[in-house]
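Peer 1: I have a structure here, written as structure tokens, and I will follow up with some questions on it.
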Amino acid sequence: MNVTEKILRAHLVSGEPVVGNEVGIRIDQTLTQDATGTMAYLQFESMGIDRVKTELSVSYVDHNTVQIGFENADDHDYLQSVAKRFGIVYSKPGNGICHQLHLERFGKPGKTLIGSDSHTPTGGGIGMVAIGAGGIDVAVAMGGGPYYIAWPKVVGIRLTGRLQPGVSAKDVILAVLRRFGSKGNVGKVFEYYGPGLAALDVPSRATIANMGAELGVTTSVFPSDDVTRAFLKAQGREQDWAPLTADDETYDETWALDLSTVEPLAAAPHNPGNVETIAEHVGQRVNQIMIGSCTNSSYRDIKTVALLLKGKQVHPDVEVGIACGSKQVVRMLADEGLLSDLIAAGCRILENACGFCIGAHMSPSTDAVCLRTSNRNFEGRSGTQSAKVYLVSPETAAASALAGAFADPRALAVPAVSLPEHFTIDDGMFLYRETAGAGVAGTPIVRGPNIGQVPPGRPLPERLDGVAAIKVGDKITTDHIMPAGARLKYRSNIPEYAKYVFEHTDPGFYAAASANRDAGKANVIVAGESYGQGSSREHAALCPMYLGVRAVIAKSIERIHRANLINFGIVPFVFADPADYERVSQGDALVIEGLRQAVETGRATVRDLSNNNTFDVTTELSDRQKRLILAGGLLAAVAQGQA
Ligand code: MIC
Ligand code: SF4
């Protein structure tokens with residue numbers, strides 16, 4: 021068996037392990053972050069369970085740390101009190117980014133992890149099956165329930181050779197994205213193997229696994245070998261190591277990549293799958309360079325940047341910001357004098373949090389060209405609609421910071437940063453480790469005015485009497501559906517956050533959808549390929565549900581978003597014939613007689629009353645998923661005893 025199968029089979033609780041079939045797996049660890057966590061814990065609370073049932077659950081605060089106004093801080097207080105009460109480890113704001121911290125301090129080879137964040141697969145770098153999920157799925161797993169996935173097709177990526185100096189893990193995953201694209205990989209796991217692995221340290225593997233999210237795969241997995249052991253040992257956690265490698269070439273499909281042929285790459289605006297070479301851009305002016313995010317903020321990454329900038333000055337016309345991934349990284353750089361080198365070079369040192377990556381701050385100027393080491397460059401995500409964001413490696417970012425323009429790092433003497441013998445271990449900002457799993461009964465839950473409630477779902481009606489409230493194109497991301505950045509602070513307040521659904525795509529959506537809902541009409545979203553790419557934010561389903569959306573009809577829908585739609589009682593239809601997409605217009609009146617029946621059979625005919633047309637749609641649902649949709653979503657199903 022391959023590593024993925026070994027872990028999944030050891031955790032299988034229901035279903036036949038046949039590609040595409042829905043299976044339930046036992047979850048050992050969970051993580052949440054604050055922006056999805058408040059909803060996850062509100063849902064957990066509503067399930068009436070007294071403590072978490074996992075081996076470990078951690079609540080990180082890393083997204084909303086800007087705290088303009090009381091909202092973010094109210095969320096933090098709520099999360100902290102919930103963690104104490106229910107036996108969850110709480111990572112205070114300022115401790116670092118969830119995925120980096122989890123890798124450093126908690127990830128264990130062979131274990132399963134789900135997290136309410138799409139980059140949870142970062143844990144694959146340490147030999148885990150780590151999957152991004154909706155908050156409510158994490159709530160169920162915290163309560164001891166299984167997590168459901170389609171049994172994956174495992175694609176083996178065979179690595180040979182060795183990276184050239186100046187080329188690093190980010191370039192590797194960009195090479196994989198160039199080959200496989202950011203759509204069409206749903207239902208697959210990418211597993212890395214081969215002789216090239218020996219020279220890839222855990223932080224590099226984690227970078228590759230992290231950005232596997234942009235391929236749209238279920239997760240990415242690396243084996244647990246001597247490299248993994250050395251990393252865990254340096255983290256003072258050798259006892260957490262266990263060997264785990266694939267028996268043989270047991271993959272459904274393979275692709276080989278010779279690492280020595282990889283060159284510096286960039287994902288060009290506005291999609292991570294839009295990969296170009298740095299060579300094509302050398303000399304092109306850049307305005308802003310941001311280094312950090314859960315993809316590239318490890319000790320290895322930031323130290324490499326510091327060594328490249330040491331004793332030099334960043335170009336006067338470029339703004340350079342650095343956000344380390346964790347307190348451990350910051351402390352080690354500080355102790356080695358490297359933080360001072362970065363400051364001396366003219367970098368702006370930012371908090372070790374998501375920050376710029378989610379558009380919470382550091383938005384670039386109008387039409388700016390930005391290089392960022394993060395994983396997503398969707399239009400407007402930086403906070404500036406007209407900015408052009410290129411995703412690059414830390415080495416390319418540092419070389420370009422000096423040049424004020426795209427630069428090939430291979431022209432510099434790039435130092436090889438090796439694993440330290442001991443990482444600095446300081447768990448002081450993790451609270452409630454001693455009561456993890458047990459909790460402290462009676463702890464009062466702190467609910468400031470920003471802490472709202474989860475809106476109830478309503479059973480699916482017999483007939484869909486709907487309106488195509490919006491028609492969008494291909495690769496609509498959750499950032500389009502439910503903007504983050506300046507709107508992030510409303511994550512715990514659905515009626516308020518719902519005002520911004522499709523804010524930049526169609527500013528009239530909220531008013532139109534609310535009016536339809538209030539007139540008793542169902543809203544339908546019509547979309548092209550790969551609808552719902554990107555984040556795991558269930559708000560991209562929850563807020564539309566609140567606005568009366570009952571169905572999405574798309575050419576294809578991405579995995580996490582599809583699961584979120586089902587969890588909130590929205591039917592995820594696809595066009596039986598994609599050509600029919602062209603014949604539906606925004607505003608059309610759409611009717612499905614026998615909507616509940618359609619969920620049962622997986623087929624329906626839609627009548628478009630506005631142009632006297634009919635077309636067929638399909639949806640493939642497991643029995644469990646049918647029950648959820650018919651009930652009006654997962655929480656409603658739990659309440660009705662249907663889950
Ligand atoms: C993101 O990178 O888009 C986020 C913000 O981390 C999201 C989670 C969220 O929307 O809160 C993700 O990737 O799942
Ligand atoms: Fe945070 Fe960005 Fe990573 Fe999302 S992708 S978890 S916003 S650093």
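Using our numbering, read the sequence shown as starting at 21 and increasing by one per residue. Glycine included, each C-beta is placed from N, C-alpha and C at the ideal position.
(1) Using DSSP with H/G/I as helix, E/B as strand and the rest coil, what is Ala-571?
(2) Please enumerate, following chain order, all residues with a beta carbon closer than 5 angstroms to at least one heavy atom belonging to the ligand MIC.
(3) Can you tell me the Cβ-Cβ gap for Leu-654 and Ile-69, rounded? I've got them flagged as a contact below 8 angstroms.
(4) Excluding the 5 residues preceding and the 5 following Arg-616 in the sequence, name in chain order all residues of the same chain whose CB lies nearer than 8 angstroms to its CB.
(5) Could you name the residues of the same chain whose beta carbon sits closer than 6 angstroms to that of Gly-459, not counting the 5 residues immediately before and after it, in chain order?
(6) If you follow the beta strand (DSSP E) that Glu-415 is in, where does it begin and where does it stop?
(7) For Ser-77 and Gln-49, which I take to be in contact (beta-carbon distance under 8 angstroms), what is that distance rounded to the nearest angstrom?
(8) CB Leu-277 to CB Ala-326, shorter than 8 angstroms?
(9) Nearest to Ile-369 by alpha carbon, out of Gln-405, Pro-185 and Ser-317?
(10) Within its chain, find whatever has a CB closer than 6 angstroms to the CB of Gly-293; leave out the 5 residues flanking it on each side and keep chain order.
(11) Please confirm whether any heavy atom of the ligand SF4 lies closer than 7 angstroms to the CB of Ile-117.
(12) For Cys-390, does the three-state DSSP call read helix, strand or coil?
(13) Exposed or buried, which one is Glu-269 when buried takes at least 16 other CB atoms within 10 Å?
(14) Quick one: measure Cβ to Cβ for Val-409 and Cys-367, integer angstroms, because I've assumed they're closer than 8 angstroms.
(15) Please classify Gln-100: does DSSP put it in a helix, a strand, or coil?
(16) Is it right to say Ser-385 is buried, meaning 16 or more other beta carbons lie within 10 angstroms of its own, or is it exposed?
(17) Identify the continuous alpha helix (DSSP H) that holds Pro-172 and give its terminal residues.
(18) Here's the rule I'm using: 16 or more other beta-carbon atoms within 10 Å means buried, otherwise exposed. How should Met-148 be labelled?
(19) To the nearest angstrom, how far is it from the Cα of Glu-441 to the Cα of Ser-34?
(20) Is any heavy atom in the ligand SF4 found nearer than 7 angstroms to the beta carbon of Asp-499?
(21) Candidates Glu-339, Ala-656, Cys-563 and Met-382: which alpha carbon is nearest Ala-365's?
(22) So the beta strand (DSSP E) Arg-623 belongs to, where does it begin and stop?
(23) With a floor of 3 residues, list each beta strand (DSSP E) that falls wholly inside the region 113-166, ordered by position along the chain.
(24) Within 10 angstroms of the Cβ of Glu-241, are there 16 or more other Cβ atoms? Answer buried if so, exposed if not.
(25) Going by Cα to Cα distance, which pick from Val-187, Gly-57 and Ala-55 is closest to Ala-433?
(26) So within the region 237-322, which uninterrupted alpha helix (DSSP H) runs reach at least 4 residues, ignoring any that extend past its ends?
(27) Residue range of the beta strand (DSSP E) that Tyr-410 falls in?
(28) Indicate whether the contact test is met: 3 or more Cβ pairs, each with one atom in the region 458-476 and one in the region 120-127, closer than 8 angstroms.
(29) Which stretch, first to last residue, makes up the alpha helix (DSSP H) that contains Ala-189?
(30) Any heavy atom of the ligand SF4 inside 7 angstroms of the beta-carbon of Asn-395?
(31) On the criterion of 16 or more Cβ atoms from any shown chain inside 10 Å, does Ala-542 qualify as buried, or is it exposed?
(32) Please name the residue, chosen from Leu-391, Ala-425 and Thr-24, that lies closest to Gly-130 on a Cα-to-Cα basis.
(33) Give me the Cβ distance between Ser-555 and Asp-499, rounded to the nearest whole Å; I'm assuming they're in contact under 8 angstroms.
(34) Under 7 angstroms Cβ to Cβ from Ser-534, same chain only, skipping five residues before and after it: list those, please.
(35) Considering only their Cβ atoms, is the gap separating Asn-230 from His-139 smaller than 8 angstroms?
Peer 2: Taking the structure as given:
(1) Within the sequence shown, residue 571 is the residue found at index 551, counting from 1. Strand at Ala-571.
(2) Result: Ala-55, Thr-56, Asp-137, Ser-138, Ile-378, Ser-555, Ser-556 and Arg-557.
(3) Reading the sequence shown from its first residue, position 634 is the one you call residue 654. Reading the sequence shown from its first residue, position 49 is the one you call residue 69. That pair is no contact at about 14 angstroms.
(4) For the purposes of this step, residue 616 is taken as the residue at position 596 of the sequence shown. For Arg-616, where only same-chain residues beyond five positions count, the Cβ hits under 8 angstroms are Leu-480, Pro-481, Glu-482 and Leu-650.
(5) The count along the sequence shown starts at 1 and reaches residue 459 at position 439. Excluding sequence positions up to five before and after Gly-459, its CB lies within less than 6 angstroms of the CB of Arg-71, Arg-105, Phe-106 and Gly-107, all in the same chain and listed in chain order.
(6) Along the sequence shown, read from residue 1 onward, the residue named residue 415 stands at position 395. Taken as a continuous stretch (DSSP letters only), Glu-415 belongs to no beta strand (DSSP E), being part of the alpha helix (DSSP H) at 414-423.
(7) For the purposes of this step, residue 77 is taken as residue 57 along the sequence shown, with counting starting at 1. For the purposes of this step, residue 49 is taken as residue 29 along the sequence shown, with counting starting at 1. Right, the Cβ-Cβ distance comes to about 7 angstroms (below 8 angstroms), so this counts as a contact.
(8) What you label residue 277 is simply residue 257 of the sequence shown in a count that begins at 1. What you label residue 326 is simply residue 306 of the sequence shown in a count that begins at 1. Contact flag unset, no.
(9) Along the sequence shown, read from residue 1 onward, the residue named residue 369 stands at position 349. Measuring from the Cα of Ile-369, the nearest candidate turns out to be Ser-317.
(10) Residue numbering aside, residue 293 sits at position 273 when the sequence shown is read from its first letter. Only Leu-197, Gly-201 and Ser-202 meet the Cβ criterion.
(11) Mapped onto the sequence shown, residue 117 falls at position 97. Within the cutoff, so yes.
(12) Position 370 of the sequence shown, counted from the first residue, corresponds to residue 390. Three-state DSSP puts Cys-390 in a strand.
(13) Here residue 269 corresponds to residue number 249 of the sequence shown, with the count starting at 1. Answer is exposed; the Cβ neighbour count stays below 16.
(14) Along the sequence shown, one-based indexing puts residue 409 at 389. Along the sequence shown, one-based indexing puts residue 367 at 347. Actually they are not in contact, since the Cβ atoms of Val-409 and Cys-367 sit about 19 angstroms apart, beyond 8 angstroms.
(15) Position 80 of the sequence shown holds residue 100. Looking at Gln-100 - three-state DSSP - the assignment turns out to be helix.
(16) Locating residue 385 in the sequence shown gives position 365, counting from the first residue. A residue is called buried once 16 or more other Cβ atoms fall within 10 Å of its Cβ, and Ser-385, having fewer, is exposed.
(17) Within the sequence shown, residue 172 is the residue found at index 152, counting from 1. No alpha helix (DSSP H) contains Pro-172, which DSSP labels as neither H nor E.
(18) What you label residue 148 is simply residue 128 of the sequence shown in a count that begins at 1. Buried, by the Cβ-count rule.
(19) Here residue 441 is taken as the residue at index 421 of the sequence shown, counted from 1. Here residue 34 is taken as the residue at index 14 of the sequence shown, counted from 1. Each residue's Cα considered, the two are about 42 angstroms apart.
(20) Walking along the sequence shown from the start, residue 499 turns up at place 479. It does not: the Cβ of Asp-499 is nowhere closer than 7 angstroms to a heavy atom of the ligand SF4.
(21) Here residue 365 corresponds to residue number 345 of the sequence shown, with the count starting at 1. Comparing Cα positions, the closest option is Glu-339.
(22) Here residue 623 corresponds to residue number 603 of the sequence shown, with the count starting at 1. Element bounds for Arg-623: 623-628.
(23) 132-135 and 149-152
(24) Indexing the sequence shown from 1 puts residue 241 at position 221. The amino acid at residue 241 is misidentified as Glu; the sequence shows Val. Val-241 should be labelled buried.
(25) On the sequence shown, residue 433 is found 413 positions in, with the first residue counted as 1. Ranking Val-187, Gly-57 and Ala-55 by Cα distance to Ala-433 puts Val-187 first.
(26) 246-254
(27) Counting from one through the sequence shown, the residue named residue 410 turns up at place 390. Segment 408-411, the beta strand (DSSP E) holding Tyr-410.
(28) No, they do not touch.
(29) In the sequence shown, the residue the question calls residue 189 occupies position 169. Its alpha helix (DSSP H) spans residues 189-200.
(30) Here residue 395 corresponds to residue number 375 of the sequence shown, with the count starting at 1. Yes, the beta carbon of Asn-395 sits closer than 7 angstroms to at least one heavy atom of the ligand SF4.
(31) Within the sequence shown, the letter at position 522 stands for residue 542. So Ala-542 ends up on the buried side.
(32) Start at 1 with the first residue of the sequence shown, and residue 130 comes out as number 110. Nearest of Leu-391, Ala-425 and Thr-24 to Gly-130, Cα basis: Thr-24.
(33) Start at 1 with the first residue of the sequence shown, and residue 555 comes out as number 535. Start at 1 with the first residue of the sequence shown, and residue 499 comes out as number 479. Contact flag correct, Cβ pair sits at about 7 angstroms.
(34) Position 514 of the sequence shown, counted from the first residue, corresponds to residue 534. Around Ser-534: Leu-567.
(35) Along the sequence shown, read from residue 1 onward, the residue named residue 139 stands at position 119. Along the sequence shown, read from residue 1 onward, the residue named residue 230 stands at position 210. Yes, they are a contact pair.
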